[in-house]
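As C-alpha cells, the structure follows; a few thoughts come after it.
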Amino acid sequence: MRVMGYAKFLAFSLVCLASALPQNQDPPVEQITSALRVHDFDHAIALTRAALKRTPNNAQLWSLQGIAFASKAENKSALEAFQQALKISPDYIAALAGAAQIHYQAGDMKAMPLLNRLLQLRPGDPTSHAMLGVLEYRRGHCAAAASHFENSASLLDSQLDALHAWATCLVRLKRIDAAEKVFQRVVSLHPDDRRERQLLASIQLMAHKPQDALATLAPVLQASDADARTLELASTAYEDSSDTPQAVSALRQAILLESRNVNLYLDFANLSMAHQSFQVGINVISDGINLQPDASKLYLARGVLYVQLADYDKSEADFEKAHELDPNQSLSSAAQGLAALQQNDTDRALSTVQAKLAHKPNDAYLLYLQADFLSQKGASPGTLEFVAAMRSARKAVTLQPTLAAARGVLAKLYLQAGQNQEAVEQCRKALESDPKDQTAVYRLIQALRKTGDNAEIPGLLKKLAMLREQAAKDERERYRYKLVESDTESSPATQQ
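Residue numbers (my numbering): 27 to 522.
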C-alpha cells in the first residue's frame, strides 16, 4: 500500500528541508534544491557529492542526496544517504522521513521507530499516522492501526487501500458503526464500484440496518445485470426488513444465476425454516443436490428440514450421507485445526502428535488427537492401527474423563468394533460434558439404532436439527465477517 508516491514524497521532503534550512542558504544547497525542483536528479547528485567533499558532516547535504536517489528509485543508495544524515543528526526530519518512506515501501517494520520519532517531532502529522496505520494493520494490531488511521484526517480520502485496511480493522474490533462510516467514504469516492457497494451493504447488515443496505444496493439492483452476490445481500436485507416475498424472489434470482453456489441453497433453507415452509425448502435443496450430489452441507440442510416434517428416516439418511461425503466432520475441531496447519496432511499431523507424545506420554489431549487421526486414516477393527487408536482413546478418557472429544472418538471406535452398548455409554458421557456436541448426538443415534432402541431417536434427531440450525446461524455470521475482511484484503496494495 503506497500512501505516498515518489512525487509526493519529493514534495514532502522538500517541505521538511525548507523548514530546517536557515534563511540564508549556502549556494550549493540552493543549486541542489533547484535541480531537484526541475527533476534534474543526476545533476543534484553530482552537486551533493562535490559539496560533501568539502563538508562531509553536513546532514542537510546527505538528505538532499537521499532525496535525489529516491526520486530515481535508487532506494539502496538513497537509504545509505539518509542513514548517513541520521548518524550526524538523529532528529533531522528530512532524513527520518526519507528513510521511513523507503523502509515502508519495502514492507520493512524498520520504518516504525522512524515514523514514531517523526510524530514526536511533528505531532499530528497525518502522513506518519497513515503509514503507521498500514504497518500496524499488516502486523495484525488493529487497535493501534485504527487509532493511527483516525489521526490521518482527510489524507486517506484518496487512498482506497488504506480505507479498506481501516474498515477491516474496525470490523475485527466489532466497531461496526465506525466501519460503516469509513465505507460510506469509499462509496462516495467510487459510487459506480459494485464491489464497494456490496461491502458497505454487508457492513450495514452487520449493523442491523437492512433499509440502509437496500438503499446502498439500489443502483445495482435497478441495473439490468444485478449479480448473484448483490441479490443474496438484497435477500438478506429484505428478510431483515420483514419483506419475505421479496427476499424469496431475490434469492431465487440469485440461484438462477449461480445454480452451483451452495451458500445460496443454504440461505433458502434458512428462509424456509424461519417461515415453516419446510417442503418448499426441501424441494429447492433437492434441486441443488441434483446439481451437486457431493455437497455434504446440502444433505445436512435437507436433513434438518426433514426433521421438521417428522420424516425421521429421510433425515437420518441425509445426515448419514453428509458424514459419508465429508469424513473430516468425524474429526474433532482441534484435530481439524492441526490437520489444516499441516496442509490437510493427516499422516504428517499424526507424526507431529506422536512426536509430542514421546515426550508427554500421559497427555490426554495428545492421546485423543492420536486416536482421532488413526481413526480418520481408516484403521479397521483387528488391525494394529485400530488397536492403537482404541488404546489411545481409552487412556485419554481415563486421564481426563470430561474430555468430550475423546469420548466421541472412543464411541466411533466402539461402533466400528460392533460394541454398540459401549458406544451409547460414551456418547451419553460426551453429551454430559458438552450438550452441544453434534457428532456425539449423531453417533448416539447410530448406536441406538444398532441396539434396536429406537424410542429416543426422533427426539435426538430434533436435537441434532436444532443444534445444526444454530450452528448454521453462527456460521453465517462468521461468514459475513470473513467476507468483509477477505474482500477488503483482496486488493494487492493492502498485502505485502
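Note that the Cβ used here is the ideal one computed from N, Cα and C, for glycine as well.
Query, Result
"Inside the region 249-283 only - alpha helix (DSSP H) runs reaching at least 4 residues", "254-266, 270-283"
"Boundaries of the alpha helix (DSSP H) in which Asp203 is found, first to last residue", "202-215"
"Assigned exposure category for Glu56 - 16 Cβ within 10 Å defines buried", "exposed"
"Span of the alpha helix (DSSP H) around Lys340", "338-351"
"Distance CB(Leu181)-CB(Pro149) smaller than 8 Å", "no"
"Beta-carbon proximity list for Thr242, same chain, < 8 Å, skipping 5 on both sides", "Val213, Arg223, Leu226, Ala227, Gln230"
"Through-space distance from Ala252 to Asn554, alpha-carbon basis", "The displayed coordinates of the chain run from 27 to 522. Any statement about residue 554 would go beyond what the structure contains."
"First and last residue of the uninterrupted alpha helix (DSSP H) at Ser60", "53-63"
"Cβ separation of Leu144 and Ala123, assumed to be a contact under 8 Å, to the nearest whole Å", "6 Å"
"For Ala191 and Ala111, the rounded distance between their alpha carbons", "33 Å"
"For Arg143, the three-state DSSP class (helix, strand or coil)", "helix"
"Three-state class that DSSP yields for Glu100 in the structure shown", "coil"
"Tyr130, DSSP secondary structure in three states", "helix"
"Beta-carbon proximity list for Asn388, same chain, < 7 Å, skipping 5 on both sides", "Leu425"
"Reference Leu147, options Ala170, Tyr118, Gly133, closest by Cα", "Tyr118"
"Three-state secondary structure assigned by DSSP to His190", "helix"
"Option in Gln318, Asn296, Asn309, Thr59 with minimal Cα separation from Glu284", "Gln318"
"Between the CA atoms of Gly434 and His523 - distance to the nearest angstrom", "Within the shown structure, residues of the chain are numbered from 27 to 522, placing residue 523 beyond reach of any answer."
"Cβ contact (3+ pairs, closer than 8 Å) linking the region 164-174 and the region 192-206", "yes"
"Distance CB(Ala415)-CB(Ala397) smaller than 8 Å", "yes"
"Anticipated Cβ contact below 8 Å, Ala375 with Phe399, distance rounded", "6 Å"
"DSSP state of His3 mapped onto helix, strand, coil", "With the chain covering only 27 through 522, there is no way to say anything about residue 3."
"Unbroken alpha helix (DSSP H) run spanning Lys79, endpoints", "67-80"
"Nearest neighbour of Ala302, chosen from Ala85, Leu335, Gln272, Gly314 [CA to CA]", "Note that residue 302 is Gln in the sequence shown here, rather than Ala. Ranking Ala85, Leu335, Gln272, Gly314 by Cα distance to Gln302 puts Leu335 first."
"Ile93 to Lys79 span [Cα, whole Å]", "18 Å"
"Beta-carbon proximity of Phe304 to Leu324, cut-off 8 Å", "no"
"Of the residues Pro217, Asp218, Cys168, Arg220, the one placed nearest Ala205, counting alpha carbons only", "Cys168"
"Sub-8 Å separation of Ala280 and Ala321 beta-carbons", "no"
"Proximity of Ala432 and Tyr468 at Cβ, strictly below 8 Å", "no"
"Three-state secondary structure (DSSP) of Ser115", "coil"
"Residues near Leu383 in its chain [Cβ-Cβ closer than 6 Å; skip 5 each side]", "Leu392"
"Anticipated Cβ contact below 8 Å, Met135 with Leu158, distance rounded", "Met135 to Leu158, Cβ: 11 Å. No contact."
"Delimiting residues of the alpha helix (DSSP H) encompassing Asp373", "372-385"
"Neighbour-count burial assignment, Ser75, 16 or more Cβ in a 10 Å radius", "The sequence given here has Arg at residue 75, not Ser. Flag for Arg75 reads exposed."
"Glu482, enclosing alpha helix (DSSP H) - first and last residue", "Looking at the DSSP string, Glu482 is not in any alpha helix (DSSP H), and its letter there is neither H nor E."
"Straight-line gap, Lys455 to Leu282 (C-alpha atoms, nearest Å)", "46 Å"
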